[in-house]
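A.B. asks:
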Amino acid sequence: MPRRNRPRREDPEPVRRAYSTVAIAAPPGWQALRHLGGEPGRTYTCPMCRLVFPATIDHVVAWPADTQGERRRHWHRACWERAQREGIERYRWE
Numbered sequence: 003m004p005r006r007n008r009p010r011r012e013d014p015e016p017v018r019r020a021y022s023t024v025a026i027a028a029p030p031g032w033q034a035l036r037h038l039g040g041e042p043g044r045t046y047t048c049p050m051c052r053l054v055f056p057a058t059i060d061h062v063v064a065w066p067a068d069t070q071g072e073r074r075r076h077w078h079r080a081c082w083e084r085a086q087r088e089g090i091e092r093y094r095w096e
């Protein structure tokens, strides 16, 4: 039987990315946070372009102020900026 000259390596633990949130400007009646990083493997669907993106990318989390964050949505940053220019009120959801 061959001899092992190197110590065995155990499987490394998955790297957990730290994430942070920063308050950003939002139109009246809305609240928004810039979300940096997130849980690997989790995905969100942007309410504007309807594309799925991973939670690990830089994105915006926004919600109508009167819902206390219960109806938050995750947006691509560019989609959030465009929605503000075009009129964010069309993205209120029930």
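Residue numbering for the sequence shown follows our numbering, starting at 3 and increasing by one per position.
For each residue, glycine too, the CB sits at the ideal point set by N, CA and C.
Predicted, not measured: the structure shown is a model, and the values here were computed from it.
Kindly indicate which three-state DSSP category alanine 25 falls into: helix, strand or coil?
C.D. replies: On the sequence shown, position 23 is the one that residue 25 refers to. Alanine 25: strand per DSSP, three-state reduction.
A.B. asks: At the level of alpha carbons, what is the spacing between histidine 78 and asparagine 7?
C.D. replies: If you number the sequence shown from 1, residue 78 lands on position 76. If you number the sequence shown from 1, residue 7 lands on position 5. Distance between the alpha carbons of histidine 78 and asparagine 7: 50 Å.
A.B. asks: Could you check the C-alpha separation between asparagine 55 and tyrosine 46 for me, to the nearest Å?
C.D. replies: Mapped onto the sequence shown, residue 55 falls at position 53. Mapped onto the sequence shown, residue 46 falls at position 44. It is worth fixing the name first, because residue 55 is phenylalanine in this sequence and not asparagine. Taking the straight line from one Cα to the other gives about 6 Å.
A.B. asks: Who are the near neighbours of methionine 50 in its chain, counting only those whose CB is closer than 6 Å to its CB and skipping five residues on each side?
C.D. replies: In the sequence shown, counting from the first residue as 1, residue 50 sits at position 48. Taken in chain order, the residues that qualify are Cys81 and Ala85.
A.B. asks: Compare the Cα-Cα distances from isoleucine 59 to each of His37, Glu83 and Pro29 and report the closest residue.
C.D. replies: Looking up residue 59 in the sequence shown gives position 57. When only C-alpha atoms are compared, the closest one is His37.
A.B. asks: Would you say glutamine 86 faces chain D, with C-beta separation under 8 Å as the test?
C.D. replies: Any reference to chain D falls outside this structure, which holds one protein chain only.
A.B. asks: Using only the alpha-carbon positions, how far apart do tryptophan 32 and glutamate 88 sit?
C.D. replies: Residue 32 sits at position 30 when you count from the first residue of the sequence shown. Residue 88 sits at position 86 when you count from the first residue of the sequence shown. Near 15 Å, if we compare the C-alpha coordinates of glutamate 88 and tryptophan 32.
A.B. asks: For the stretch 61–89, which segments carrying the alpha helix (DSSP H) assignment without a break, of at least 4 residues, lie completely within its bounds, in sequence order?
C.D. replies: Those alpha helix (DSSP H) runs which fall completely within the stretch 61–89 and span 4+ residues are 79–88.
A.B. asks: Of the choices Ala57, Val62 and Ala34, whose alpha-carbon is the least far from that of glycine 43?
C.D. replies: Taking the first residue of the sequence shown as 1, we reach residue 43 at position 41. Looking at the Cα atoms, Ala57 is the closest of the given residues.
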